[in-house]
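Enquirer: Please read through the structure below; I'll follow up with questions.
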Amino acid sequence: MPVPEAVLPDLDQVLHDVADYARPYAVDGHVADYIPVLAESDPGRFGMAAVELDGTEHTVGEVDEPFPIQSISKVFSLVLAMQKADAAEGVADELWSRVGREPSGDPFNSLVQLEHESGIPRNPMINAGALIVDDVLLDHCEDSLHSTLELLETLTGEPVEVDKQVLDSEQGAAHRNRAMANLMASFGNLRHPSDEVVDAYTRACAISMTTRQLARTTRFLANDGVEPDTGKRILSPAHSKRVAAIMFTCGTYDAAGEFAFQVGLPCKSGVAGGIISLVPRHLGVCVWSPPLDTAGNSLAGRVALRRFVERCDLSIV
Ligand code: GLN
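Here you go:
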């Protein structure tokens, strides 16, 4: 049941207060530098958007500035895989036999756990898990990048593209991802050549979007799998709930417990400083601030989400 309109505070006012409060925290973070182009990010950037199911948009800061979505793409790859699972029996069983659904408690690009756990990644929100999802998609999509861009265009109502400069930079720095893919191949958990899988993964990470667009993308997850502007069903209610559940438990890597404690909403972060989130039955949300904490999540972004939830009293827990 939707919460009555009257209990929602003035979201424009809230976002401005949240931005004033959270922005200063960015000085304690560090922009990602293991992907050379990201090292050039301006640490002072900040944007936050909350979009209601009826399309009303509330924003503060630089919400129309594009940035690479990075690991936020893991959500959309999982959504595509879940669409395939909605359409054909056996896809979900195959996927969940090759990737788990538990928080990792390890950094997003760690190889250690993968070795101990015989090449089965803990979940699809860490790099190794996303590589498995991409490997599955190679069997089910003619062109998984094209399908991802199409999905994002449906969810935002706008064209979405890959940033070629980011892609080049990232391809040159994908050593750990290649190592993970090869390690999983050595355990028999990769069906396609590792280069092909890493390529598909890297392209999705290099998709460029704005904070406003990203806030629109999660509204279908807040709406039982239906994109609210068009009424188009993106996922079955069961799979929509599960994608949100995995974001909640695994979307912020080894800080997922802290995010649950502080924010209490499904979230997914990327190393360019974006975090998408959602308030079930109400809002799609995105915040962007490039400096990261030690777990690789936007520092001011986490503070902003915590403050937002406190101000709106909308956490799911
Ligand atoms: N492209 C990045 C990588 O593979 C994505 C990581 C992230 O956003 N956490 O390392």
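Going by the working numbering, the sequence shown opens with residue 20, and the numbers climb by one from there. Yeah, the Cβ is synthetic: ideal placement off N, Cα and C, and Gly gets one too. These numbers were taken from a predicted model, which means no experiment stands behind them.
(1) In this structure, how does DSSP classify S288 when only helix, strand and coil are distinguished?
(2) Could you check which residue in E177, R252 and D158 has the C-alpha nearest to that of A234?
(3) Is there contact between the region 68-88 and the region 267-282, where contact requires at least three CB pairs shorter than 8 Å?
(4) Ignoring anything shorter than 4 residues or poking outside the region 215-252, list the alpha helix (DSSP H) runs there in chain order.
(5) Using only the alpha-carbon positions, how far apart do L164 and D31 sit?
(6) Given the structure, does N142 come close to the ligand GLN, in the sense that its CB is under 6 Å from one of the ligand's heavy atoms?
(7) Within the continuous alpha helix (DSSP H) that includes A193, where are the two ends?
(8) So, at 8 Å on beta carbons, what are the nonlocal neighbours of K251 in its own chain, with the 5 sequence-adjacent residues on each side left out?
(9) Using beta-carbon positions only, say whether A200 and S213 come within less than 7 Å of one another.
(10) How is G303 classed by DSSP in three states: helix, strand or coil?
(11) Mind listing which residues have their beta carbon within less than 6 Å of any non-hydrogen atom of the ligand GLN? Chain order is fine.
(12) Between the C-alpha atoms of E329 and A69, what's the straight-line distance to the nearest angstrom?
(13) What does the alpha-carbon distance come out to for the pair I265 and I294?
(14) Are the CB atoms of V94 and K103 within a distance shorter than 7 Å?
(15) If you scan the region 117-184 from start to end, which runs of the beta strand (DSSP E) of 3 or more residues do you find wholly inside it?
(16) Pair every Cβ in the region 137-157 with every Cβ in the region 297-311, then say whether three or more of these pairs are closer than 8 Å.
(17) Taking DSSP as the reference, what is the three-state secondary structure of L297?
(18) What separation, rounded to the nearest whole angstrom, lies between the Cα atoms of I253 and G124?
(19) Quick one: grab the DSSP three-state call for M20.
(20) Tell me which same chain residues have a C-beta within less than 6 Å of the C-beta of P122, skipping the five on either side of it?
(21) Please return the same chain residues whose Cβ sits closer than 6 Å to the Cβ of I54, not counting the five positions on each side in sequence.
(22) Cα-Cα, which of K287, A314 and T313 is closest to W307?
(23) Are the CB atoms of V282 and R325 nearer to each other than 7 Å?
(24) As a quick exercise: from E215, P285, V304 and H194, pick the residue whose alpha carbon is nearest that of I335.
(25) What residue does the beta strand (DSSP E) around D69 start on, and which one ends it?
(26) Taking the CB atoms as reference points, tell me whether Q311 and G66 lie closer together than 7 Å.
(27) Alpha carbon to alpha carbon, how far is R210 from M20? Give it in angstroms, no decimals.
(28) Thinking C-beta only, is A223 closer than 7 Å to S92?
(29) Is DSSP giving P87 helix, strand or coil here?
(30) Suppose the cutoff is 7 Å on Cβ atoms and the five residues either side in sequence are ignored; what does the same chain contact list for S166 look like?
(31) Taking the straight line between their C-alpha atoms, what separation do you get for H135 and G74?
(32) For A51, tell me which candidate among L97, T175, S317 and L156 has the shortest Cα-Cα distance.
(33) So what does DSSP say about S96, is it helix, strand or coil?
(34) Since S90 contacts G292 with CB under 8 Å, what's their CB separation in whole angstroms?
Expert: Short version:
(1) strand
(2) E177
(3) They do not touch, by the three-pair rule.
(4) 230-236
(5) 35 Å
(6) Not a single heavy atom of the ligand GLN lies less than 6 Å from the C-beta of N142.
(7) First-last for A193: undefined, no H or E at that position.
(8) T173 and V245
(9) yes
(10) The answer is strand: DSSP assigns G303 an E or B state.
(11) Q89, S90, F127, N128, N146, E189, N196, C224, G289, V290 and G315
(12) 15 Å
(13) Looking at the two C-alpha atoms, the distance is approximately 15 Å.
(14) no
(15) none
(16) At 8 Å Cβ cutoff, the stretches do not touch.
(17) L297: strand per DSSP, three-state reduction.
(18) Here the alpha carbon of I253 sits roughly 30 Å from the alpha carbon of G124.
(19) Because the pLDDT at M20 is just 46, under 50, the model does not fix this residue reliably, and the point stays unresolved.
(20) T268, C269 and A275
(21) Taking C-beta separations shorter than 6 Å and ignoring five residues to either side along the sequence, the partners of I54 in its chain run S188, E189 and A192, following chain order.
(22) K287
(23) Note that the C-beta distance between V282 and R325 is below 7 Å.
(24) P285
(25) According to the sequence shown, residue 69 is Ala rather than Asp. Run containing A69: G66 to E71, per the beta strand (DSSP E) assignment.
(26) What sits at residue 311 in the sequence shown is Leu, not Gln. No, Cβ-Cβ distance for L311 and G66 is not below 7 Å.
(27) Its pLDDT being 46, under 50, M20 is placed unreliably by the model, and the measurement read from it follows with that caveat. M20 and R210: Cα-Cα distance of roughly 43 Å.
(28) yes
(29) The three-state reading of DSSP puts P87 in strand, counting E and B together.
(30) L99 and C160
(31) Their backbone Cα atoms lie some 46 Å apart in a straight line.
(32) S317
(33) helix
(34) Actually they do not touch by this definition, with Cβ atoms about 11 Å apart.
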